[in-house]
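Q: I have a structure here, written as structure tokens, and I will follow up with some questions on it.
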Amino acid sequence: MRAALDLNAVRVYAAVVDEQSFAGASRLLAMPSSNVSRHVAALERRLGTRLLERSTRHLRMTEAGRLLYERAKPLLDTLLATQEELGAVQRELRGPLRMCMPGEAPRLLAPILAEFCSLHPGIELECDTRMTGLEALREDVDLCIVFHRGHQEDSAFITRELATLPSIVVAAPSLLARTGMPRQVRELKSLPCITTLSALKGQPWQFQDAAGEIVKVPVKSRYRVNSGELAVAGARQGIGFAIVAAHPCQEDLATGRLQEVPLDLCPAPLQLLGAYSHRHSVTARVRALLELIQMRLAAAGTPMEHTRSVPRQ
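Taking the UniProt record's numbering, the leading residue of the sequence shown gets 1, the next gets one more, and so forth.
In structure tokens, the structure reads:
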């Protein structure tokens, strides 16, 4: 019977890959560099294959090394998260929690963040509304809140859907007087529309057919903005048609400043996502905050979905 792998050696190897150096793994694990090297060498001997190719400037995984890392890393992350979660049961949540969100998210989340910090006085929260998008996770941020519409792109991050916001297409009466009321989504291709910059990356408008499949419609835009609030303001002025979350538009629809545009396909809903990286996994602090956000949004009548891992292609 073959002896089991040394889990600690696998953990040291994963740290070397994560930090891209033996010295970095040494600092991360608070372990002498010589011990890091011995663990990796022992693991290579145990497996009978080379895991890393080393040079003076680069550290690269072999095919065997990549296979071990891809299989072992999720297990190590799960064990770490479980350890933190079990420990949190016995102790108060405390420590730093760095997060970022787009400027409009506080309208939904500000009371929940305040409640979270009130429930856990040991939490040191830093929330930045200037950094947006999943790229912020590369800036030592624990949690990133993002808006998304349609299929998620493949990435190295894990996303957890916090809420689904139904969307509608709206236009000002003055614009409809010039263009007429479109009935088919394909008509939007030749009409003035409002698109977004960073949040949805200016991508084509997305709708859902009867089977729930995404249908993308490229639109023309001379008004590209960075928030739903700016999009609604542009729509009120008759600059273009806008696809926006339904709830914030209710007053404009009630007063007639905007009209809903009934089309043959429904706009894909806007998703509110919490994202964190594979590399750092999810801490007990992040997990607790995400669960509170889901609970409070669900209680307010905003439906929520599930956690999904988005693999790298």
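In this text, a Cβ means the ideal position worked out from N, Cα and C, and glycines have one as well.
Which value, in whole angstroms, describes the spacing of the CA atoms of Phe241 and Ser174?
A: Indexing the sequence shown from 1 puts residue 241 at position 241. Indexing the sequence shown from 1 puts residue 174 at position 174. Between Phe241 and Ser174, the C-alpha separation is close to 11 Å.
Q: Which partner residues of Lys220 appear in the DSSP bridge assignment?
A: Stepping through the sequence shown from its first residue, residue 220 is reached at position 220. Looking at the DSSP assignment, Lys220 forms a beta bridge with Pro192.
Q: Take Leu97 as the anchor and find which of Glu104, Arg46 and Asp142 has the nearest alpha-carbon.
A: For the purposes of this step, residue 97 is taken as the residue at position 97 of the sequence shown. Cα-wise, what sits closest to Leu97 is Asp142.
Q: Cutting at 7 Å between CB atoms, please list the residues of its own chain near Cys266, excluding the five before and the five after it.
A: As a working note, residue 266 is residue 266 in the sequence shown. Phe207 and Gln208, listed in sequence order.
Q: List the whole-angstrom C-beta distance separating Thr195 from Ser221, where the pair is believed to meet the contact cut-off of C-beta under 8 Å.
A: By 1-based counting over the sequence shown, the position of residue 195 is 195. By 1-based counting over the sequence shown, the position of residue 221 is 221. Right, their Cβ atoms sit about 4 Å apart.
Q: Which value, in whole angstroms, describes the spacing of the CA atoms of Ala199 and Ser277?
A: Translated into the one-based positions of the sequence shown, residue 199 becomes position 199. Translated into the one-based positions of the sequence shown, residue 277 becomes position 277. Its pLDDT being 44, under 50, Ala199 is placed unreliably by the model, and the measurement read from it follows with that caveat. If you take the alpha carbons of Ala199 and Ser277, they lie about 19 Å apart.
Q: What does a CB cutoff of less than 6 Å around Glu126 pick up in its chain, not counting 5 residues either side in sequence?
A: Within the sequence shown, the letter at position 126 stands for residue 126. So the list reads Arg98, once near-sequence residues are dropped.
Q: Taking the alpha helix (DSSP H) that His148 falls in, what are its first and last residues?
A: As a working note, residue 148 is residue 148 in the sequence shown. It is not in any alpha helix (DSSP H) - His148 instead sits in the beta strand (DSSP E) that spans Leu143 to Arg149.
Q: Helix, strand or coil for Ala275? Go by DSSP, reduced to three states.
A: The count along the sequence shown starts at 1 and reaches residue 275 at position 275. Note: Ala275 maps to strand in three-state DSSP.
Q: Please state whether DSSP places Pro102 in a helix, a strand or coil.
A: Sequence index remark: in the sequence shown, residue 102 carries index 102 (1-based). Coil.
Q: I'd like the span of the beta strand (DSSP E) that includes Phe207, first residue to last.
A: If you number the sequence shown from 1, residue 207 lands on position 207. Residues Trp205 to Gln208.
Q: Using a Cβ distance threshold of 8 Å, determine whether the segment 7-22 contacts the segment 72-80, with at least three qualifying pairs required.
A: yes
Q: In terms of alpha-carbon separation, which member of Ala30, Pro204 and Ser118 lies closest to Leu93?
A: Numbered from its first residue, the sequence shown carries residue 93 at position 93. For Leu93, the nearest C-alpha among the options comes from Ser118.
Q: How would you call Ser34, buried or exposed, if buried means at least 16 neighbouring beta carbons within 10 angstroms?
A: Here residue 34 is taken as the residue at index 34 of the sequence shown, counted from 1. It counts as exposed.
Q: Could you check how far apart the C-beta atoms of Ala105 and Ile145 are, in whole angstroms? I think they sit under 8 Å.
A: Residue 105 sits at position 105 when you count from the first residue of the sequence shown. Residue 145 sits at position 145 when you count from the first residue of the sequence shown. The Cβ separation is near 5 Å, so the contact holds.
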